[in-house]
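Letter by letter, the sequence shown follows residues 49 to 514 of our numbering. Backbone N, C-alpha and C define an ideal beta-carbon position, used for all residues, glycine too.
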Amino acid sequence: CSYEQRANQMLSPSPSFPLVAKGGPPSARISLARGRWLPRSIHVAGGDVRGSREGGGGARGGAAAGGLRPFGHAAGPAKRQSRGGDRSVPRAAASAPGGEEGGGKGRVTKASVLAHLQRNVMPYGLVAAICLSVADPRLGCKVHALKLHKLSAPGIFLISGLVLKLGDVKRALQSPVPLLLGLATIALVLPAPSAALALRWPFLSSDLVLGMTVFLCMPTALSTGVQIATQFGGNPALALMLTVGSNLLSIATIPFFVAAVVGGGAGAGAGGAGGEVQRLSMDAFVLFRSLVKSILVPMLVGITARAAIPAVARWVERRRKALSLVSAALLISVPLAELSFSVSRGLVLAPGELLQVAVLGLAFPLLFILFNSAATAAVGSLLASAGAGGGEEGKKGPVMSEEIKRTLVIVCSLKTLPSAVMVIQKMQEIAPSISGVALVPCMMFHIIQTIVVSAYASKRAAKDNN
């Protein structure tokens, strides 16, 4: 057999097998046992076979010839010489950035930094927008004057429709009980109590209270939940369906939640937002029509274009990263424009108020995680005892798997920023006295919730794996 075939044999899942070099003597035979001998590099020289063991310094087979090298002492970069010469093909050197052989596995490189920035362009962009608006609002004022930020909501949801795969949605529909539980939690159970609690916080200005309240009425995040669930062993199809379903359902629920909570609670907080926000109780249908035009119509256009025109689907798949960056830029343009415009009119943000918003932004995701963990555990126990549910087969009946529970907790504990930004924009048209400061809690809550939920998902995945 050729060298490549022998290498493939060494990577095969069989627990133990012999390895003999082409034309080599029987003494060159090496037995590999699963979990004990993992080839790092294989060296073929003059018919002799030599391998190195990961995780140990011992040697078998060709140890007398010095062929086995302990972990961390491989021969260096891959090389090929003449037929009779030495050949060395390290297995793991190319897997890490820069290669293990050429420098440390955890070494920070330009490529790794760029990849990190690309994955986290949203939080970094929002922080930069806040800092730039406060330090020098001229750029944001130009964006505001040109009304470029008004294109953000339809543009974001058009892109969301373009990247949505209907096949993933169909797979998620195969587990109806977790799906219904998640939709009920996101759209009906959590918004009103949490928003009412935030509205009664007495130590913040009315615009900051209003921003917190609106954000807590929102459905789950558009992409963050799916990304976190996928990264930490959740169910991507269920996360996607919860995201799409709750955001479409919120078109009907948001106007009435916001109007009822904000309008009914006017005057309860520090500023209460006064009589102008009270007008929202009469304009819920106006807000509903705005959401239909800004969310539903663009998303349906994107879904239809992708499904009906194969060339559009191929174009979107080739440019997913670019579209993600465009969507992030559209969202960042809104706080940049609105906050810069407010700062240019003399607005000052007190450090004490920002600290309070940060603490509340930490408290609410933690409360959501606790509630959702208890709810999924309770529903899972009921399904197991009743013998009706979706997931793994248990002794008493089908139960929700840990993967499903983890996905529900992750997705149901997040709120979406684009919808909150768009709702506040529409509210400013109804009540012009609302300033761009109302966007600050939305941005801070979004950044903090992403950190909190990611940390929870990481610890939960590690615990489940152990």
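- Fully contained in the region 395-460 are the following alpha helix (DSSP H) runs of length 4 or more, in chain order: 399-434 and 450-460.
- The beta carbons of ASP512 and GLY281 sit closer together than 9 Å.
- Rounded to the nearest angstrom, the gap between the Cα atoms of ALA422 and VAL405 is 26 Å.
- Sorting LYS474, ALA269, ARG155 and ARG186 by C-alpha distance to the C-alpha of SER208 places ALA269 at the top.
- Looking from the CA of GLY259, the closest CA among PRO267, ALA505, VAL471 and MET347 belongs to VAL471.
- Setting aside the 5 residues that flank it on each side, THR498 is surrounded in the same chain by PRO171 and THR272, each with a C-beta closer than 7 Å to its C-beta; the list follows chain order.
- Between the region 481-489 and the region 243-260 there are three or more inter-stretch CB-CB distances shorter than 8 Å, so the stretches are counted as touching.
- Here DSSP, grouped into helix, strand and coil, assigns VAL382 to helix.
- Between the region 217-233 and the region 281-291 there are three or more inter-stretch CB-CB distances shorter than 8 Å, so the stretches are counted as touching.
- Between ALA235 and THR261, the gap from beta carbon to beta carbon reaches 9 Å or more.
- Non-local C-beta neighbours of MET266 in its own chain, meaning closer than 6 Å and more than five positions away in sequence, comprise LYS463, THR464, SER467 and ALA468, ordered along the chain.
- With a cutoff of 9 Å on beta-carbon distance, PHE251 and PRO303 are scored as not near each other.
- Here LEU231 has LEU290, GLY293, SER294 and LEU297 as same chain residues with Cβ atoms under 7 Å from its own Cβ, once five neighbours each way along the sequence are excluded.
- Taking all protein chains in view, the Cβ of LYS195 is surrounded by fewer than 16 other Cβ atoms within 10 Å, so the residue is classified as exposed.
- For a cut-off of 8 Å, the C-beta gap from VAL500 to LEU410 is around 7 Å, short enough to register as a contact.
- Sorting VAL237, VAL427 and VAL364 by C-alpha distance to the C-alpha of THR301 places VAL237 at the top.
- Distance check between ILE204 and each of SER375, LYS453 and LEU245 places SER375 closest, using alpha-carbon atoms only.
- Here the alpha carbon of LEU227 sits roughly 15 Å from the alpha carbon of GLU450.
- In terms of CA proximity to PHE263, VAL309 leads the group ILE276, VAL309 and LYS218.
- In the three-state DSSP reduction, MET266 falls in the coil class, being neither helix nor strand.
- Rounded to the nearest angstrom, the gap between the Cα atoms of ARG155 and SER506 is 22 Å.
- THR464 sits in coil when the DSSP states are folded into three classes, being neither helix nor strand.
- VAL345 is not a Cβ neighbour of VAL182, given a cutoff of 9 Å.
- The shortest C-alpha to C-alpha distance from GLU477 to any of SER338, LEU214 and LEU229 is the one to SER338.
- Contact between ALA377 and HIS197 does not hold, since the beta-carbon distance rounds to 11 Å and is not under 8 Å.
- Within the same chain, and ignoring the five residues on either side of ILE458 in sequence, the residues whose Cβ sits closer than 8 Å to its Cβ are GLY273, ILE276, ALA277, PHE280, GLY282, ALA287, VAL501, TYR504 and ALA505.
- Rounded to the nearest whole angstrom, the C-alpha separation of HIS192 and PRO241 is 34 Å.
- Close CB contacts of ALA246 within its chain, under the 8 Å cut and outside five residues either way in sequence, are with VAL257, MET260, THR261, LEU264, LEU408 and PHE412 (chain order).
- Nearest in C-alpha terms to PHE305, of all of PRO239, ARG368, VAL349 and LEU206, is PRO239.
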